[in-house]
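Peer 1: What follows is a structure written as structure tokens; I'll ask about it next.
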Amino acid sequence: MKILLLGMNHRSAPIELRERLAVGEPGPALAKLVACDEIAEAVLLSTCNRIEVVAVTREPESARQRLRTFFRRDLAGELAGPGGPLQDEHLYEHVDADAMRHVMRVAASLDSMVLGEPQILGQAKEAWAAALECGACGPILGRLFQHAFGAAKRVRNETRLAERPISMARVGVDLAKQIFETFEDKQALLIGAGEMVEIALRSLRGEGLAAIRVANRTPERASQLAVRYGASAHGLDELPALLSGADVVLTSIGGDGPVLTREAVSAALRGRPHRPLLVIDLGVPRNAEPAIDELDNVYRYDVDDLGAAASENAGLRQAERARAEAIVAEEQQRFDGWFAALRAVPTIQHLRARMESLRAREVERALSRGQFSAVQREAVESLSRSLVNKVLHAPVSRLRREAGREEAMAYLEAARELFALDEPEDGPPPEEQDSGE
Amino acid sequence: MAIPLLQTAAALYLVAGLAAGLGLALPSRRALRGAPYLLLAGVVLHSVSVVALHRDGTAPPLTDLPVAVSVMAWFGASFSLLLLSRARLAALAVLVGPLAFLSTFYAALRLPEASPVAAAATGAWPHAHVMLASSGLGLLGVAGLAGVLFLAEHRRLKGRRPLAPRVPLPTLEALDRVNAASLALGFPLLTLGVLTGMMWLRTERGSAFTGSAHELWCLVAWAVYAVLALARFLGGQGSRQAAASAVGGFALLLFAAIGLRLVP
């Protein structure tokens with residue numbers, strides 16, 4: 001059994017390509033993946049910075065090919081689109097220990113564009129929940145993700161990595177402070193109602209803005225958020241009016257086309273030549289047309305730009321990185337131990353089954369030779385079970401303990417050989433063999 | 001006494017500019033916080049030197065170029081100090097300090113060569129002209145310097161190279177407000193300076209316009225500023241264009257009011 005991870009992130013692929021491959025609803029894609037014989041379990045993580053599939057397989061080579069085909073055909077499509085064709089160098093691959101470590105580093109935000117940003121943990125939890133819901137996540141990935149969430153929690157509690165909580169939204173707020181002298185007379189417009197928007201609302205709430213408005217396709221969802229943060233809720237149909245009053249627009253909403261077009265922003269800016277507009281586009285695919293950069297008073301930043309803006313804080317967090325990496329390594333070793341022990345499970349199960357069968361057969365033969373009361377029969381059964389358990393205790397414990405080590409395979413082979421596990425069970429009875437000797 | 005004071009004031013302006021520059025470059029903001037105080041010390045010494053210069057009544061007239069340049073620097077530095085106290089603008093001292101230094105240092109170098117004339121002998125119009133025109137020039141100079149910073153900041157932000165939050169550069173909004181306030185105050189002062197200059201000419205030579213290059217270029221510069229003020233306050237001109245206009249306008253005004261007179 002192998003754990004295989006294939007994916008792309010902000011370092012390996014440009015934003016245009018990531019936008020094209022982003023998966024809004026992972027359920028159908030996962031169902032398709034686990035329907036293949038070579039993939040036993042799978043979790044798909046799709047955020048603005050990464051698209052990754054982690055899978056459990058008994059046939060690593062076939063699974064690798066299957067996942068590559070999934071990225072090439074199912075996600076990228078046969079034809080080249082924005083960002084160019086999907087190349088081999090856009091994808092990275094990790095196996096077993098590396099894959100485990102990668103999943104944990106991602107959840108602990110050690111692989112994020114903004115080191116220590118908090119929302120990746122929520123996104124990883126959503127990906128895991130989605131895989132559970134569609135039945136793609138089994139016991140191995142379930143356990144891996146539990147360890148990953150544990151590692152993330154420890155990193156958060158035991159290091160200062162998140163002491164200066166920098167999220168994309170928070171970086172955007174800091175950026176606004178380089179444009180606006182005061183927020184007292186400013187209005188913020190947040191488009192979307194997802195986690196990014198909620199984090200932005202949390203960041204903006206303490207800045208003393210004159211008004212915060214939340215606009216979403218589903219106004220009810222916007223309303224739920226708005227009520228919690230003292231903002232007002234609106235539908236997307238009100239966008240033109242909302243835009244003309246906004247000073248900061250933060251957008252993170254799904255959908256095919258851009259929500260902020262050049263024309264819409266240009267129209268909103270008419271009559272306000274000295275009020276700059278900061279557009280923070282956290283959507284993937286991007287929600288704001290890059291053409292709005294041509295407008296004089298508009299400053300647009302997308303997820304890639306904000307990553308650069310966060311470099312200073314990331315630098316400060318680098319000092320804490322080593323401690324966080326050590327925690328991840330610890331958690332990875334714990335999971336790896338459990339995962340390696342899984343390799344011994346089939347042999348142990350086989351051994352127990354063989355011994356149980358032998359015990360049952362011998363007890364039956366012994367008891368058939370005379371008349372025994374129920375109490376006597378029960379005593380013989382109990383004695384035989386106890387003997388088998390005691391005989392097996394030492395080898396089974398040793399097999400479990402050694403399963404995580406390099407020499408595990410030698411132990412497993414020795415066990416199979418010594419107990420003749422690979423030979424058919426219905427051979428000559430051990431009693432006859434012994435007498436022969 | 002007046003000249004050493006003026007030289008010290010010039011040095012303080014320069015140090016204020018350097019301190020602001022260091023404050024932007026170094027992690028500690030102490031130097032940046034000190035820049036406005038150094039500028040204030042420069043303005044105070046500058047004021048004392050002007051008083052000392054005119055105490056005996058035989059100082060060069062205000063119409064003398066070094067004196068006019070010194071007055072312009074004093075107005076510019078004083079106005080900047082007012083702005084610095086109101087917004088996160090300490091970094092403006094990076095440009096104001098060196099420009100005030102150059103002007104004051106030039107005045108301190110050239111003043112000993114100027115021939116002292118009793119101030120009363122020159123009349124009221126020349127004094128009014130120099131005071132109003134120099135104050136207008138000083139304020140429009142601040143608008144121009146704010147424009148330079150605005151354009152640099154605009155370029156940086158448009159290029160999506162945001163600085164880390166700890167670098168305390170002025171915000172675009174503050175720079176735009178400095179631009180607007182400087183133009184709103186500086187242009188009327190410049191207008192009054194031009195009018196009093198014409199009155200001075202009419203009193204002295206019988207005509208408000210004698211056709212000299214200085215008069216001609218000053219009128220052109222004034223007309224340009226009139227268009228800029230209209231565009232900014234009534235025409236809906238954007239912040240970036242306003243900043244670029246302030247830079248260009250100040251360069252033209254500097255050439256008309258001072259540059260032409262430096263050319264032999």
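From first to last, the protein sequence lines are chains A and B.
Residue 1 is where the first sequence starts when you use the working numbering, and the numbers rise one by one after that.
Residue 1 is where the second sequence starts when you use the working numbering, and the numbers rise one by one after that.
Note that beta-carbon positions come from the ideal geometry of N, C-alpha and C, so glycine has one too.
Whole angstroms are fine: how far does the CA of glutamate 38 of chain A sit from the CA of glutamate 158 of chain A?
Peer 2: Roughly 39 Å separates the two Cα atoms.
Peer 1: If we call anything under 8 Å between Cβ atoms a contact, is glycine 76 of chain B one with glycine 34 of chain B?
Peer 2: No; because the gap between Cβ atoms is not below 8 Å, this pair is not in contact.
Peer 1: Which of helix, strand or coil does DSSP assign to methionine 8 of chain A?
Peer 2: DSSP places methionine 8 of chain A in strand when its eight states are reduced to three.
Peer 1: Just the chain B side, please: which residues come within less than 8 Å of isoleucine 179 of chain A by C-beta, in chain order?
Peer 2: The answer, in chain order, is Leu157, Thr171, Leu172 and Glu173.
Peer 1: Could you confirm whether any beta carbon from chain E is found closer than 8 Å to the beta carbon of proline 276 of chain A?
Peer 2: Of the protein chains in the structure, A and B, none is chain E.
Peer 1: Glutamate 238 of chain A and alanine 215 of chain A: beta carbons closer than 8 Å?
Peer 2: Contact: yes.
Peer 1: What is the DSSP secondary structure of serine 85 of chain B, reduced to helix, strand or coil?
Peer 2: Here serine 85 of chain B sits in coil by DSSP.
Peer 1: Quick one: grab the DSSP three-state call for aspartate 302 of chain A.
Peer 2: Strand at aspartate 302 of chain A.
Peer 1: Starting from glycine 235 of chain A, trace the beta strand (DSSP E) both ways and give me its first and last residue.
Peer 2: 232-235 is the extent of the beta strand (DSSP E) around glycine 235 of chain A.
Peer 1: At 7 Å on the CB atoms, spell out the chain B contacts of asparagine 297 of chain A, in chain order.
Peer 2: The contacting residues are Gly238 and Ser239.
Peer 1: According to the Cβ coordinates, are leucine 21 of chain A and leucine 75 of chain A closer than 8 Å?
Peer 2: Contact: yes.
Peer 1: Going by the beta-carbon positions, is the gap between aspartate 302 of chain A and arginine 286 of chain A smaller than 8 Å?
Peer 2: Cβ atoms of aspartate 302 of chain A and arginine 286 of chain A: closer than 8 Å.
Peer 1: Measure the C-alpha to C-alpha separation of alanine 35 of chain A and leucine 45 of chain A and round it to an integer number of angstroms.
Peer 2: Near 18 Å, if we compare the C-alpha coordinates of leucine 45 of chain A and alanine 35 of chain A.
Peer 1: Do we get a CB-CB distance below 8 Å when we pair tyrosine 411 of chain A with the residues of chain B?
Peer 2: No, tyrosine 411 of chain A does not count as interfacial toward chain B.
Peer 1: Would you kindly work out how many angstroms separate the C-alpha atoms of arginine 205 of chain B and arginine 177 of chain B, rounded to a whole number?
Peer 2: Using only the alpha carbons, I get a separation of about 41 Å.
Peer 1: Under 8 Å between beta-carbons, which chain A residues line up against arginine 261 of chain B? List them in chain order, please.
Peer 2: Chain A residues near arginine 261 of chain B: none, gap ~35 Å exceeds 8 Å.
Peer 1: Give every residue of the same chain whose Cβ lies closer than 6 Å to the Cβ of tyrosine 229 of chain A, excluding the five residues on either side of it in the sequence, and list them in chain order.
Peer 2: Leu201 and Arg205, listed in sequence order.
Peer 1: Using a Cβ-Cβ cut-off of less than 8 Å, list which residues of the segment 267-292 of chain A approach chain B; keep chain order.
Peer 2: Result list: Gly271, Pro273, His274 and Pro276.
Peer 1: With burial defined as no fewer than 16 other Cβ atoms inside 10 Å of the residue's Cβ, what is the status of aspartate 64 of chain B: buried or exposed?
Peer 2: When all chains shown are included, aspartate 64 of chain B counts as buried.
Peer 1: Rounded to the nearest angstrom, what separates threonine 47 of chain A and glutamate 173 of chain B at their Cα positions?
Peer 2: Going from the Cα of threonine 47 of chain A to the Cα of glutamate 173 of chain B covers about 34 Å.
Peer 1: Helix, strand or coil for serine 62 of chain A, going by three-state DSSP, please let me know.
Peer 2: Helix at serine 62 of chain A.
Peer 1: Using 7 Å as the cut-off, classify the Cβ of methionine 131 of chain B as near or not near the heavy atoms of the ligand MG, replying yes or no.
Peer 2: Judged by which ligands are present, the structure shown has none, so any question about the ligand MG falls away.
Peer 1: Suppose the cutoff is 8 Å on Cβ atoms and the five residues either side in sequence are ignored; what does the same chain contact list for isoleucine 31 of chain A look like?
Peer 2: The residue you asked about is not isoleucine; residue 31 of chain A is alanine in the sequence shown. Excluding residues within five positions, the ones whose Cβ falls inside 8 Å are Cys134, Gly135 and Ala136.
Peer 1: Output the distance between the C-alpha atoms of alanine 151 of chain A and alanine 108 of chain A, rounded to the nearest integer angstrom.
Peer 2: Cα to Cα, the separation comes out at about 6 Å.
Peer 1: Are alanine 20 of chain B and glycine 97 of chain B close, meaning C-beta to C-beta below 8 Å?
Peer 2: Yes.
Peer 1: Just checking: is the beta-carbon of aspartate 305 of chain A within a distance shorter than 8 Å of some beta-carbon in chain B?
Peer 2: Output row for aspartate 305 of chain A: interface = yes.
Peer 1: How is the alpha helix (DSSP H) around arginine 73 of chain A delimited, first residue to last?
Peer 2: Segment: none, arginine 73 of chain A is in no alpha helix (DSSP H) and carries neither H nor E.
Peer 1: Ends of the alpha helix (DSSP H) at proline 154 of chain B?
Peer 2: Inspection of the sequence shows that residue 154 of chain B is occupied by histidine rather than by proline. Per DSSP, histidine 154 of chain B belongs to the alpha helix (DSSP H) from 124-158.
Peer 1: Whose CA, out of B:Ile258, B:Leu262 and B:Met1, lies closest to the CA of valine 130 of chain B?
Peer 2: Residue B:Ile258 is the option with its Cα nearest to valine 130 of chain B.
Peer 1: List in chain order: all unbroken beta strand (DSSP E) runs of 3+ residues lying wholly within the segment 150-202 of chain A.
Peer 2: Runs of the beta strand (DSSP E) inside the segment 150-202 of chain A: 187-191.
Peer 1: With a 10 Å radius around its C-beta and 16 neighbouring C-beta atoms as the bar for buried, classify histidine 393 of chain A as buried or exposed.
Peer 2: Burial call: exposed.
Peer 1: Hey, is the segment 116-123 of chain A in contact with the segment 332-339 of chain A, meaning 3+ C-beta pairs nearer than 8 Å?
Peer 2: Too few Cβ pairs lie closer than 8 Å, so no.
Peer 1: Does the separation of the CB atoms of proline 170 of chain B and leucine 149 of chain B fall below 8 Å?
Peer 2: Contact flag set, yes.
Peer 1: Pull up the distance between the alpha-carbon of alanine 97 of chain A and that of arginine 86 of chain B, whole angstroms please.
Peer 2: If I take the Cα positions, the gap works out to 58 Å.
Peer 1: Arginine 354 of chain A by DSSP, collapsed to three states: which one?
Peer 2: Note: arginine 354 of chain A maps to helix in three-state DSSP.
Peer 1: Could you tell me the distance, in whole angstroms, from the CA atom of glutamine 146 of chain A to the CA atom of glycine 84 of chain A?
Peer 2: Roughly 36 Å separates the two Cα atoms.
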